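Asks: The sequence shown begins at 1 in UniProt numbering and counts up one residue at a time. The structure under discussion is supplied below as structure tokens; questions concerning it will follow.
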Amino acid sequence: MESSIRRLFRARRTCCEILTDRGYLLPAQEMAEGFAEFAQRFNENEQSRSRMLLIASHKADPEAKLIVYFADETKKTGVKPIR
1 MESSIRRLFR
11 ARRTCCEILT
21 DRGYLLPAQE
31 MAEGFAEFAQ
41 RFNENEQSRS
51 RMLLIASHKA
61 DPEAKLIVYF
71 ADETKKTGVK
81 PIR
């Protein structure tokens, strides 16, 4: 069975790829981060999913920002934890 850290890394990497495919710009370090760096950073932050936040701006309109938030709770998430 796949470790939870590896699953989170793959989910975050997939989000980065989707954002790039849709014309959003991400910081270079977000795109270049490998599993080893992610695992080290994630373990240092006590496995807080909210620390995996992604902020991207669109190529056509740099003022248009998109935020990807990973909730710490594994159950169904509503608006309340995001605010």
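Note that CB positions come from ideal geometry on N, CA and C, so glycine has one too. Every value quoted in this text rests on a predicted model; they were computed, and no experiment measured them.
1) Here's a check: name, in chain order, each residue in its chain whose Cβ is nearer than 8 Å to the Cβ of Leu25, leaving out the five neighbours to either side.
2) Using a Cβ-Cβ cut-off of 8 Å (strictly less than) and excluding sequence neighbours within five positions of Ile5, which residues of its own chain qualify?
3) Given Cys16, which residues of its chain have a CB within under 8 Å of its CB, disregarding the five upstream and five downstream residues?
4) The beta strand (DSSP E) that contains Ala56, what's its start and end?
5) Quick one: Cα of Ser3 to Cα of Thr14, how far?
6) By the three-class DSSP mapping on this structure, what secondary structure does Cys15 have?
Replies: Judging by the given coordinates:
1) Excluding sequence positions up to five before and after Leu25, its CB lies within less than 8 Å of the CB of Ala56, Ser57, His58, Lys59 and Pro62, all in the same chain and listed in chain order.
2) Closer than 8 Å at the Cβ level, and outside the excluded window around Ile5, lie Phe38, Ala39, Phe42, Asn43 and Gln47.
3) Correct list, in chain order: Leu26, Glu30, Met31 and Leu54.
4) Ala56: member of the beta strand (DSSP E) spanning Leu54 to His58, first to last residue.
5) The alpha-carbon of Ser3 is positioned some 17 Å away from that of Thr14.
6) Cys15: helix per DSSP, three-state reduction.
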